[in-house]
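**Student:** I'd like to ask some things about the structure below.
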Amino acid sequence: MKNSNTIVVITGQTATGKTKLGLSLAKEINGDIISADSRQAYRYLDVISGKDIEDSNFVEVKKQGIYSIGYYTIQGVRVWLYDMCTPKDYLSAYDWAVAARSIITQLHQEKRTPIIVGGAFHYIRTLLYGLTAIAEPDKELRTSLMHESASQLQQRLKELDETALNALNQSDRWNPRRLIRRIEAAAATGGGASFPGLIDTGIHTFTCIGLLYSDTDELEQHINERVQARLDGGALEEVDLLIHMGYRPEHYGMLKTIGYQQLMAYSKGTLTLEAAISQWKVKEYQYAKRQKTFITHDPSFILTSPDTATLDWVMNVV
RNA sequence: CCAAGGGUGACGGAGUGGCCAAUCGUACUAGACUGUAAAUCUAGCGGUCUUAUGACCUACGGAGGUUCGAAUCCUCCCCCUUGGA
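Taking our numbering, the leading residue of the first sequence gets 1479, the next gets one more, and so forth.
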C-alpha cells in the first residue's frame, strides 16, 4: 500500500465480479469491505440484490439516526453497510455517504484499509467528491409537487430562484426530480443562494478501479446468467415474502428496484413470468449502460475488464 | 370450402388519397446527473448527401392498375386470425 490512510474503491458494471475481487483483496491487505450498493443497504432485499451473506449474522455496531451501521462476516472479511434500514425507510446517497465516512474513519484508526465495493456510482461519487448541505429533503414539499408537470415546476423555480433555473442543463430542466430538488433548496434558503459548491469530505487519497465489459454481448450474457441464478436462488419466494411482510413496489421507491419491480408485477398478475424476467434483464442491461457512462467519464478511475482484474493485477495498482 | 377481420419500420400499435419517412409506446444508440440514483431526465433512431424548417433514394405482404399525387382506392395473388362446415 502506498499510503496507510487511503481507501480503495472497486466499482463497475453489474456482474463483473466486484465482490469477489473485493474479498480477495481484503484478505490480502487486511481490509474491510464497505458495500456501496443502494439496494443491499436494505434489509430483506437479499436474493435479488445479490447479498451473499452465507451463514453470517448481522452485527450492529451503532445507530446513526434510523440507520443501523454494522457488518456481516463473509469469508472472514467484514462487509459493512448491508441492512441499514427497512425497505420503507428513506435512504439517500447523502445518508449512505455519511455512514460510510464514519466507518472509514473508524477503520483508519484501527489501521485497516477500507475497500468500497459496489455499483452505486452516485453513492461513491458523493462519498469521494462531496456533499451539499444546502437543504434537507422536504418530504411534504416533494409530495405536494409530485404531480406537477415540468413546466409548472420550472415556473415555480423561476419565481423562487431564476438563477438556479438558468443553471440547469436541458436534461435537468425537464427532469421533475431535479426541479423539485432545486425548489426545495430555494425554499429552504429563501432563494437566491443558488446551489453552493461541494463541502469537503475529508477523503483525499483513494485508488479507484472500474470494471467494465468491453463487449455488450458478453455483458448481456453475464447478466442473463446472473438473473437465472437469482431465480434459482429463490427470487420469487423472496418477493412473496416481502409482499407478505407488507412491502409494496411503491414503498418509498425502495422496492422500485430492478428485479423486484418486475417480479412484483408478476406476482400481482399484471405480467407473465416470462415477460417479467425478460424485462428484468433489459433493465439490468440499461442500468449497466448508465454505470458505464458514469465510470468512463470519471478520470479518477482505472478502468479494466473483468478478466484482467485478478488479485495480482489489483495488488499492483493499489 | 364459405363468412368476417387482418397483414405498417426491431416489436406492439396509429394512420385509411396530398401537411407521411409515416402519431405514440417499447427496445436500441449517445448523453445528463451536487441529499429519491437499480431512480429520474434529454437527444437521436430507414439510407445517402448536407448549412438547412433542404435534396434525393428505398419503404406500409407481393404484382399490376386508377390518379397530378396512394400506406390509404381498384384487380389478382400469397399469408394470418376468428366464426361457419
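A virtual CB, placed ideally from N, CA and C, is assigned to each residue, including glycine.
Bear in mind the structure is a predicted one, so any value in this text is a computation, not a measurement.
Quick check on S1534: does DSSP put it in helix, strand or coil?
**Tutor:** coil
**Student:** Here's the rule I'm using: 16 or more other beta-carbon atoms within 10 Å means buried, otherwise exposed. How should L1697 be labelled?
**Tutor:** buried
**Student:** Sorted by chain position, which residues of the same chain lie with C-beta nearer than 6 angstroms to G1579's C-beta, five sequence neighbours on each side aside?
**Tutor:** Note that residue 1579 is Arg in the sequence shown, not Gly. The answer is none, since no qualifying residue turns up.
**Student:** Do the stretch 1639 to 1659 and the stretch 1582 to 1595 touch if we need at least three Cβ pairs shorter than 8 angstroms?
**Tutor:** No, the stretch 1639 to 1659 does not touch the stretch 1582 to 1595.
**Student:** Assuming T1484 and F1684 form a contact by the criterion Cβ under 8 angstroms, report the distance between their Cβ atoms to the nearest whole angstrom.
**Tutor:** 6 angstroms
**Student:** Would you mind giving the Cβ-Cβ distance between G1688 and L1781, rounded to the nearest angstrom? I have them listed as a contact below 8 angstroms.
**Tutor:** 5 angstroms
**Student:** Buried or exposed: where does E1538 fall if 16 or more other Cβ atoms within 10 Å of its Cβ makes it buried?
**Tutor:** E1538 counts as exposed, since fewer than 16 other beta carbons sit within 10 angstroms of its beta carbon.
**Student:** Contact check, L1635 vs R1603 under 8 angstroms by CB: the rounded distance?
**Tutor:** Contact flag wrong, Cβ pair sits at about 24 angstroms.
**Student:** Going by DSSP, which residues form a beta bridge with F1450?
**Tutor:** Past the edges of the chain, shown from 1479 to 1796, lies residue 1450, and the structure says nothing about it.
**Student:** Specify the secondary structure class of I1612 as computed by DSSP and reduced to three states.
**Tutor:** coil
**Student:** Could you tell me if D1695 is buried or exposed, where buried requires 16 or more neighbouring beta carbons within 10 angstroms of its beta carbon?
**Tutor:** exposed
**Student:** Distance, Cα to Cα, G1711 vs Q1633?
**Tutor:** Looking at the two C-alpha atoms, the distance is approximately 49 angstroms.
**Student:** Exposed or buried, what is R1556 when buried is set at 16 or more other beta-carbons lying within 10 Å of its beta-carbon?
**Tutor:** buried
**Student:** Buried or exposed, going by whether 16 or more other CB atoms sit within 10 Å of the CB of Q1769?
**Tutor:** buried
**Student:** Between the Cα of I1612 and the Cα atoms of W1758, V1487 and I1677, which residue gives the shortest distance?
**Tutor:** I1677
**Student:** Between C1563 and the rest of its own chain, which residues show a CB-CB distance below 8 angstroms, the 5 nearest in sequence each way excluded?
**Tutor:** A1519, Y1520, R1521, I1544, Y1545, S1546 and L1569
**Student:** Go to W1758, then tell me how far its alpha helix (DSSP H) extends in each direction, as first and last residue.
**Tutor:** L1751 to T1774
**Student:** For the beta strand (DSSP E) that contains I1681, what are its first and last residues?
**Tutor:** From DSSP, I1681 is part of no beta strand (DSSP E); its letter is neither H nor E.
**Student:** Starting from the Cα of L1690, find the closest Cα among S1527, I1582 and T1786 and give me that residue.
**Tutor:** The residue with the shortest Cα to Cα distance from L1690 is T1786.
**Student:** In angstroms, rounded to a whole number, what distance separates the CA positions of A1664 and A1645?
**Tutor:** 13 angstroms
**Student:** Going by the beta-carbon positions, is the gap between Y1550 and S1534 smaller than 7 angstroms?
**Tutor:** yes
**Student:** Using DSSP with H/G/I as helix, E/B as strand and the rest coil, what is Y1607?
**Tutor:** Three-state DSSP puts Y1607 in a helix.
**Student:** Just how far apart, CA to CA, sit W1558 and K1496?
**Tutor:** 15 angstroms
**Student:** For a test of the three-state rule: what should DSSP assign to G1490, helix, strand or coil?
**Tutor:** strand
**Student:** Residues bridged to L1689 by DSSP?
**Tutor:** G1490 and T1782
**Student:** Within this structure, are the beta carbons of Y1725 and L1733 separated by less than 7 angstroms?
**Tutor:** yes
**Student:** Whole angstroms are fine: how far does the CA of Q1553 sit from the CA of Y1763?
**Tutor:** For the pair Y1763 and Q1553, the Cα-to-Cα distance works out to about 29 angstroms.
**Student:** Using alpha carbons as the reference points, say which of R1517, I1507 and D1530 lies closest to K1420.
**Tutor:** There is no way to answer for residue 1420, as the model of the chain reaches only from 1479 to 1796.
**Student:** Note down the Cα distance separating I1721 from W1791, rounded to an integer number of angstroms.
**Tutor:** 43 angstroms
**Student:** Where do the N-terminal and C-terminal ends of the beta strand (DSSP E) with D1510 fall, by residue?
**Tutor:** G1509 to S1513
**Student:** Taking the alpha helix (DSSP H) that W1791 falls in, what are its first and last residues?
**Tutor:** W1791 -> alpha helix (DSSP H) spans L1789 to V1795.
**Student:** Have a look at G1509, T1748, A1598 and N1702 and flag the residue whose alpha-carbon is nearest the alpha-carbon of S1756.
**Tutor:** N1702
**Student:** Going along the chain, which residues of its own chain have a beta-carbon closer than 8 angstroms to the beta-carbon of L1631, five neighbours each way excluded?
**Tutor:** L1623, P1654, L1657, I1658 and I1661
**Student:** So the alpha helix (DSSP H) I1658 belongs to, where does it begin and stop?
**Tutor:** Unbroken alpha helix (DSSP H) run through I1658: P1654 to T1667.
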